[in-house]
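Colleague:
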Ligand SMILES: [Zn+2]
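Numbering (my numbering), first residue to last: 59 to 387.
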C-alpha cells in the first residue's frame, strides 16, 4: 500500500510528501487523531518512502526495502507499543542503544512509537532526552489519540501531523464493492465506524462483532431483573479484552444516543436502526441520569483496565445503570 491508497488523509500525506520533496524531514513527528483513521498505516508508509530505493515521494512497493517494511522485518524499522502496561524505560533504552549503530541497509532508521500517551514517567523522561538531542538519521514517529497526556516538552519537540475522521462519502467509498451501499448493513457499518476507516473494514470482516452488538442491545432494551444481571456478568467474563471493550463501547453508544435524543440531535444518533426503542427508553431517564450512566460505563472501562474482577465490576455496572433510570421495575 502507498500514500496514494490511504483513504481520507490527503492533508497529512501531502505535508509529509512535501517535506520529502523539499528535503525538510523532521527528526520527530506526532501523528495525532482518533483510532482507526490511518495513523499507523501512514507511519509505516512514511517509513517506506524514507527508505525506498526509488527515492520518490511515494513508496514503489516493489523494492526490497518497501517489501521488508510491509512484512515488518526491515532492520532499520522499530515499532514500540504499550503491551501489558505502559511503555517502559527499557524499551526506550534499547532504542537509544541501537541508534548508535550505523544503518543496516536503509537511509533512515524509523522508530514508530504507538500509544505515545502511555509511558511510565521514567520512559517519558528518557524519550525527552532523545528528542532534545535527536540521533542523526533517525526519524521518530509518535502516535497518539490525544495530546492531553503528553509532556508539553515532548510536544514542543515534535512536528504535529493531524489526522481527522473520514467523511461519510469516504467511508462509503471503502464499503463499495464489499456490501451493497443501499443495504441496512452498509448504513449500519457507516454509522458505527464514525469516520474510522479501520473500524469500517474491521466490521466488514468480522460479522461476529455485529452479532455481539445485537446481543448487548437486546440486554439494554429489556429491563433486566437482578438474576439476569448476575447471569449476564457471568456470561461476559469469558469475553476477550477486545470483545469486552467493544461491548462496553456499545453500551456507551446507547446511553450517549439517549442523551443526544433528549437534546433533540437525531442526526448524530449512532444506533439509528434502533430508533423506536431509543425513543421509548429515553422516556425512562432524566438527562442527569443519562450522564451518570455514561460516567458509570466509563468508570467500568477504567476498572477493567486495572484488571479488577470482571464479574464483580460488570455486576456493579449493571446495578448502577439500573439506578440511573427514573423508574425501575
Ligand atoms: Zn520502494
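Cβ atoms here follow ideal geometry from the backbone N, Cα and C, with glycine treated the same way.
Under 8 Å from any heavy atom of ligand 1, does the C-beta of residue 216 make it?
Modeller: Answer for residue 216: no, Cβ out of range of ligand 1.
Colleague: So, using beta-carbon positions, are residue 230 and residue 239 closer together than 9 Å?
Modeller: Yes.
Colleague: Spell out the partners DSSP gives residue 71 in its beta bridges.
Modeller: BP columns for residue 71 are empty, so no partner.
Colleague: My output table needs one value for residue 61: the three-state DSSP class, helix, strand or coil.
Modeller: Helix at residue 61.
Colleague: Give the secondary structure of residue 221 by DSSP, where H, G and I count as helix, E and B as strand, and everything else as coil.
Modeller: Correct three-state label for residue 221: coil.
Colleague: Taking the alpha carbon of residue 138 as the reference point, which residue from 324, 259, 171 and 258 has its own alpha carbon closest?
Modeller: Of the candidates 324, 259, 171 and 258, the one whose C-alpha sits nearest the C-alpha of residue 138 is 171.
Colleague: Could you tell me the alpha carbon to alpha carbon distance between residue 386 and residue 295, rounded to whole angstroms?
Modeller: Residue placement at residue 386 is poorly supported in this model, since its pLDDT is 45, which falls under 50; the coordinates still yield a value, given next. Taking the straight line joining both Cα atoms gives about 25 Å.
Colleague: Is the Cβ-Cβ distance between residue 211 and residue 88 less than 9 Å?
Modeller: Not in contact: residue 211 and residue 88 (Cβ atoms no closer than 9 Å).
Colleague: Of all the alpha helix (DSSP H) runs that stay within the bounds of the region 102-170, which reach a length of 4 or more residues?
Modeller: For the region 102-170, whole alpha helix (DSSP H) runs of length 4 or above, ordered along the chain, are 122-128 and 147-157.
Colleague: Counting only runs that start and end within the region 275-335, where is the alpha helix (DSSP H) found for 4 or more residues in a row?
Modeller: Counting whole runs of 4 or more residues, the region 275-335 contains the alpha helix (DSSP H) stretches 284-294 and 299-320.
Colleague: Drop a sphere of 10 angstroms on the beta-carbon of residue 326, count the other beta-carbons inside from all chains shown, and report buried for 16 or more, exposed for fewer.
Modeller: The residue in question, residue 326, is exposed, as its Cβ has fewer than 16 Cβ neighbours within 10 Å.
Colleague: Closest to residue 162 by CA distance: which of 148, 154 and 133 is it?
Modeller: Selected option, being the one with the closest Cα: 133.
Colleague: Below 9 Å between beta carbons: does that hold for residue 115 and residue 127?
Modeller: It is not a contact, given that the beta carbons lie outside the stated cut-off.
Colleague: Suppose contacts are defined by Cβ-Cβ distances below 9 Å. Is residue 79 in contact with residue 199 by that definition?
Modeller: Their beta carbons are not under 9 Å apart, which means residue 79 does not touch residue 199 by this criterion.
Colleague: Decide if the region 303-321 is in contact with the region 264-283; the criterion is three or more beta carbon pairs, one per stretch, under 8 Å apart.
Modeller: At 8 Å Cβ cutoff, the stretches touch.
Colleague: Going by beta carbon distance, what residues of the same chain come within less than 6 Å of residue 382, once the five residues before and after it are set aside?
Modeller: Excluding positions up to five away in sequence, the list reads 347, 350 and 351.
Colleague: Taking three-plus beta-carbon pairs below 8 Å as touching, is the region 284-293 in contact with the region 365-375?
Modeller: Short answer: they touch.
Colleague: Let me confirm a value: residue 226 is counted as buried when at least 16 other C-beta atoms fall within 10 Å, else exposed. Which label applies?
Modeller: Label assigned to residue 226: exposed.
Colleague: Under 7 Å, CB to any heavy atom of ligand 1. Which residues pass, going along the chain?
Modeller: Residues flagged by the Cβ proximity filter: 106, 110, 111, 112, 117, 118, 119, 120, 121, 123 and 124.
Colleague: Which residues does DSSP pair with residue 379 in a beta bridge?
Modeller: For residue 379, which the question treats as bridged, DSSP gives no partner whatsoever.
Colleague: Hey, how far is the Cα of residue 357 from the Cα of residue 125?
Modeller: If I take the Cα positions, the gap works out to 43 Å.
Colleague: Out of 182, 164, 122 and 129, state which residue places its alpha-carbon closest to the alpha-carbon of residue 151.
Modeller: Checked all of 182, 164, 122 and 129; the closest Cα to residue 151 is 182.
Colleague: Which partner residues of residue 87 appear in the DSSP bridge assignment?
Modeller: Paired residue(s): 199 and 217.
Colleague: Excluding five sequence neighbours on each side, which residues of the same chain lie with their C-beta closer than 7 Å to the C-beta of residue 193?
Modeller: Around residue 193: 157.
Colleague: What's the gap between the Cα of residue 334 and the Cα of residue 242?
Modeller: Whole-angstrom Cα-Cα distance: 16 Å.
Colleague: Given residue 213, which residues of its chain have a CB within under 8 Å of its CB, disregarding the five upstream and five downstream residues?
Modeller: Within the same chain, residue 213 has close Cβ partners 88 and 205.
Colleague: How close, in whole Å, do the beta carbons of residue 254 and residue 223 come, if the pair is a contact with beta carbons under 8 Å?
Modeller: Between residue 223 and residue 254 the Cβ distance is about 6 Å, and since that is below 8 Å, they are a contact.
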